[in-house]
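Report on the following structure.
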Amino acid sequence: MTLDQLRTLKAIIDNGTLNAAASALHKTQPAVSIAIKKLEEQVGFDILDRAHYRIRLTQRGQLFFQEAQVLLQEAEQLTQLGKELARGNEASFAISYEQLCSNEHINACLKSTFRSFPGTRFNVSGGSRFSALQNIIKQEAQLGIGPWFHLFHAAGNFDSMPIGKMEIVILASPSLFDAKDITLASQLNHYPSLNVQESDLPFDSDKLTFVRGMQQIKIGDIYTLKSLLLDGAGWAVISKQQCMKEIDTGLLQQVVLSDVESKIEAEIRVFRHYSRQHGPVASYLWEQFRHLSDAFKKQDCGC
Numbered sequence: 001m002t003l004d005q006l007r008t009l010k011a012i013i014d015n016g017t018l019n020a021a022a023s024a025l026h027k028t029q030p031a032v033s034i035a036i037k038k039l040e041e042q043v044g045f046d047i048l049d050r051a052h053y054r055i056r057l058t059q060r061g062q063l064f065f066q067e068a069q070v071l072l073q074e075a076e077q078l079t080q081l082g083k084e085l086a087r088g089n090e091a092s093f094a095i096s097y098e099q100l101c102s103n104e105h106i107n108a109c110l111k112s113t114f115r116s117f118p119g120t121r122f123n124v125s126g127g128s129r130f131s132a133l134q135n136i137i138k139q140e141a142q143l144g145i146g147p148w149f150h151l152f153h154a155a156g157n158f159d160s161m162p163i164g165k166m167e168i169v170i171l172a173s174p175s176l177f178d179a180k181d182i183t184l185a186s187q188l189n190h191y192p193s194l195n196v197q198e199s200d201l202p203f204d205s206d207k208l209t210f211v212r213g214m215q216q217i218k219i220g221d222i223y224t225l226k227s228l229l230l231d232g233a234g235w236a237v238i239s240k241q242q243c244m245k246e247i248d249t250g251l252l253q254q255v256v257l258s259d260v261e262s263k264i265e266a267e268i269r270v271f272r273h274y275s276r277q278h279g280p281v282a283s284y285l286w287e288q289f290r291h292l293s294d295a296f297k298k299q300d301c302g303c
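So in full-length UniProt numbering, the last one in the sequence shown is 303, and the numbering has no gaps at all.
Shown next as structure tokens:
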């Protein structure tokens with residue numbers, strides 16, 4: 001059994017007649033007939049029902065053709081991968097994308113790259129706080145997307161571009177405080193604090209948060225944290241942009257404190273290790289983010 005025989009079978013089913021299949025394959029009708037006959041001899045049963053004007057699959061032929069289509073699709077993917085590798089495209093590409101920073105503009109850059117390099121296997125991961133920087137430093141990812149602070153420059157030799165902003169605020173479900181007016185940091189001590197797990201970076205600790213609770217609950221991902229936040233399990237320091245719908249509908253409320261800073265602005269950056277050599281996928285993706293960065297800078301300066 002060969003892929004050519006399976007492609008011939010697919011052409012017959014797609015086109016309905018031997019003549020049409022032969023034309024689509026740029027072969028003669030006898031060649032198509034011989035190929036399908038040999039295939040039927042090899043499998044030991046009739047695949048095609050030739051009793052009608054348009055050729056149909058027999059009952060056993062239908063089951064056989066379903067599996068043949070899977071095999072043909074996998075063969076096409078393998079062929080595409082071979083072409084991608086021959087052009088020097090990366091076989092795999094890892095991106096560390098912090099969940100707090102996700103937005104439609106960043107997603108559009110990623111989507112464009114996924115579609116432009118179908119032969120590359122992309123691995124996109126989230127994780128703990130500052131996981132993007134940590135994964136770049138450990139060389140577990142080739143591209144990082146996350147909040148950026150100036151002290152990060154000391155952690156390594158990076159290329160980086162600003163691509164957005166995020167506002168970090170204190171949010172809670174109204175049910176958590178039972179109608180109490182919370183205006184002081186000490187009042188928050190009476191309620192659990194929900195926190196994304198820290199990274200392994202030496203400067204990252206629970207002391208880095210600008211306000212803390214007495215009881216701290218560590219959570220591995222932002223989506224679990226947000227679920228607990230909505231259910232009133234505790235309050236959290238979190239990206240306001242991630243929760244705008246819930247704030248607008250009253251499911252979450254922003255806590256503004258009078259005695260300490262209760263919000264900060266952070267830059268969102270895309271970053272990678274500095275190198276003179278980057279593959280086609282890395283270069284294409286970086287260029288997509290360069291366009292996003294240019295648009296962000298113009299908007300930020302009011303140009």
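The beta-carbon is built from N, C-alpha and C at its ideal position, and this holds for glycine as well. Keep in mind it's a predicted model, so treat the numbers as computed, not measured.
Check: Out of I219, L252 and D221, which has the shortest C-alpha to C-alpha gap to G232?
Finding: The shortest Cα separation from G232 among I219, L252 and D221 belongs to L252.
Check: Is the region 116-130 close to the region 244-261, with three or more CB pairs under 8 Å?
Finding: These segments do not touch.
Margin query: DSSP has D159 in a bridge; who is on the other side?
Written below: By DSSP's assignment, D159 forms a beta bridge with R272.
Notebook entry, point to check: In this structure, does DSSP put P147 in helix, strand or coil?
Noted result: Strand, per DSSP.
Check: Does the pairing of the region 168-175 with the region 113-123 give three or more beta-carbon distances under 8 Å?
Finding: Under the three-pair Cβ rule at 8 Å, the region 168-175 does not count as touching the region 113-123.
Notebook entry, point to check: For I106, which of helix, strand or coil comes out of DSSP?
Noted result: For I106, the three-state secondary structure derived from DSSP is helix.
Item checked: Exposure of I34, with buried meaning 16 or more beta-carbon neighbours within 10 Å -> Taking a 10 Å sphere around the C-beta of I34, we find fewer than 16 other C-beta atoms and assign the residue as exposed.
Margin query: Do L3 and F65 count as a contact pair if the criterion is CB distance below 8 Å?
Written below: Result no, Cβ atoms of F65 and L3 do not sit closer than 8 Å.
Margin query: Distance check for A75 and F45, CA to CA, integer angstroms please.
Written below: Using only the alpha carbons, I get a separation of about 24 Å.
Notebook entry, point to check: Per DSSP, M1 forms a beta bridge with which residues?
Noted result: Residue pairing for M1: DSSP places it in no beta bridge.
Margin query: Could you compute how far the alpha carbon of S298 sits from the alpha carbon of L63?
Written below: First, the amino acid is wrong: residue 298 is Lys here, not Ser. Rounded to the nearest whole angstrom, the CA to CA distance from K298 to L63 is 58 Å.
Notebook entry, point to check: By Cβ distance below 6 Å, which residues in the same chain neighbour L57 in space, the five residues on each side in sequence not counted?
Noted result: The answer, listed in chain order, is F65.
Next item on the list: For F177, I'd like the list of residues in its chain whose CB is within less than 8 Å of its CB, leaving aside the five on either flank, ordered along the chain.
Entry: Once the five neighbours on either side are set aside, the close Cβ partners of F177 are Y191.
Check: Less than 8 Å separating the beta-carbons of S160 and F271?
Finding: Closer than 8 Å, so yes.
Check: Do the region 134-147 and the region 241-251 make contact, defined as three or more Cβ pairs closer than 8 Å?
Finding: Output reads no: the region 241-251 does not touch the region 134-147.
Next item on the list: Leaving aside the five residues before and after I106 along the sequence, list all residues of the same chain whose C-beta is less than 7 Å from its C-beta, in chain order.
Entry: Closer than 7 Å at Cβ, skipping near neighbours: I145 and I163.
Check: Can you tell which of S227, E90, E67 and Y53 has the C-alpha that lies nearest to the C-alpha of R7?
Finding: Check the Cα spacing between R7 and each of S227, E90, E67 and Y53: the tightest is with E67.
Notebook entry, point to check: Within this structure, are the beta carbons of N189 and M214 separated by less than 8 Å?
Noted result: For the 8 Å CB-CB criterion, N189 and M214 form a contact.
Check: Looking only at its own chain, which residues have a Cβ that is under 7 Å from the Cβ of T183, when we skip the five neighbours before and after it?
Finding: Only L257 and S258 meet the Cβ criterion.
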